[in-house]
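Here our numbering is used: position 97 in the sequence shown is 141, and no number is missing along the way.
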Amino acid sequence: MKKEKRRIYEGMYIVSTTLSDDARKKALDKILAGITDKGGEIRKVHEWGRRKLAYSINKKREGYYYIIYFDLASSQIVSLWHEYHLHEDLLRFMTLQVESVQEKLEFKPIKVEKERV
45 MKKEKRRIYE GMYIVSTTLS DDARKKALDK ILAGITDKGG EIRKVHEWGR RKLAYSINKK
105 REGYYYIIYF DLASSQIVSL WHEYHLHEDL LRFMTLQVES VQEKLEFKPI KVEKERV
């Protein structure tokens, strides 16, 4: 039997800010358990905190952000996404395949060129 290749993923999760601290921790634990139950391994969890959303989602203007690095067999990603759609406290999620785990989150400002008139 051929062993399936495991890949490293970066997941960004936006959780509702209407939750208490305990409920938010349980929501995060549910996300992490979904990964580990499918044979994944959590590499790093960055708690990015409460931030304003670019647009309202379900009439909410803010969300609590988590960025999670994990490895998982690629065949398990789709079933993981199905679980996320059933998670009522999860406003949005995005999963990307990455080459390595970022130990520290750093964002550089984007240079914007001024339009000439």
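Backbone N, C-alpha and C fix where the C-beta goes; we use that ideal spot for every residue, glycine too. Computed from a predicted model, the values in this text were never measured in an experiment.
CB-CB length for G107 against L63, believed under 8 angstroms: Along the sequence shown, read from residue 1 onward, the residue named residue 107 stands at position 63. Along the sequence shown, read from residue 1 onward, the residue named residue 63 stands at position 19. Not confirmed; about 11 angstroms, so no contact.
Span of the beta strand (DSSP E), counted from its first residue to its last, around L97: The count along the sequence shown starts at 1 and reaches residue 97 at position 53. Here the beta strand (DSSP E) through L97 covers E85 to I101.
Minimum length 3: unbroken beta strand (DSSP E) runs contained in the stretch 101 to 157: 104 to 117 and 134 to 142
Spatial neighbours of G83 in its chain, beta-carbon cut-off 8 angstroms, leaving aside the 5 residues before and after: As a first step, residue 83 must be located in the sequence shown, where it is residue number 39. Hits under 8 angstroms: L116, A117 and Q120.
Rounded Cβ spacing between K152 and Y113 (contact assumed at less than 8 angstroms): As a first step, residue 152 must be located in the sequence shown, where it is residue number 108. As a first step, residue 113 must be located in the sequence shown, where it is residue number 69. About 20 angstroms separates the two Cβ atoms, so there is no contact after all.
Stretch-stretch touch, CB-based, cutoff 8 angstroms, three pairs: the stretch 96 to 107 with the stretch 68 to 84: no
Boundaries of the beta strand (DSSP E) in which S60 is found, first to last residue: What you label residue 60 is simply residue 16 of the sequence shown in a count that begins at 1. Start and end: R50 to S60.
Straight-line Cα distance separating T61 from Y109: For this step, residue 109 is matched to residue 65 along the sequence shown. For this step, residue 61 is matched to residue 17 along the sequence shown. Distance between the alpha carbons of Y109 and T61: 10 angstroms.
Three-state class that DSSP yields for L63 in the structure shown: As a first step, residue 63 is located in the sequence shown; it is residue number 19 there, counting from the start. L63: coil per DSSP, three-state reduction.
Cut-off 6 angstroms between Cβ atoms - residues of its own chain near V142, not counting five sequence neighbours on either side: The count along the sequence shown starts at 1 and reaches residue 142 at position 98. I52 and E54.
Cα-Cα separation, H131 to A77: On the sequence shown, residue 131 is found 87 positions in, with the first residue counted as 1. On the sequence shown, residue 77 is found 33 positions in, with the first residue counted as 1. Near 12 angstroms, if we compare the C-alpha coordinates of A77 and H131.
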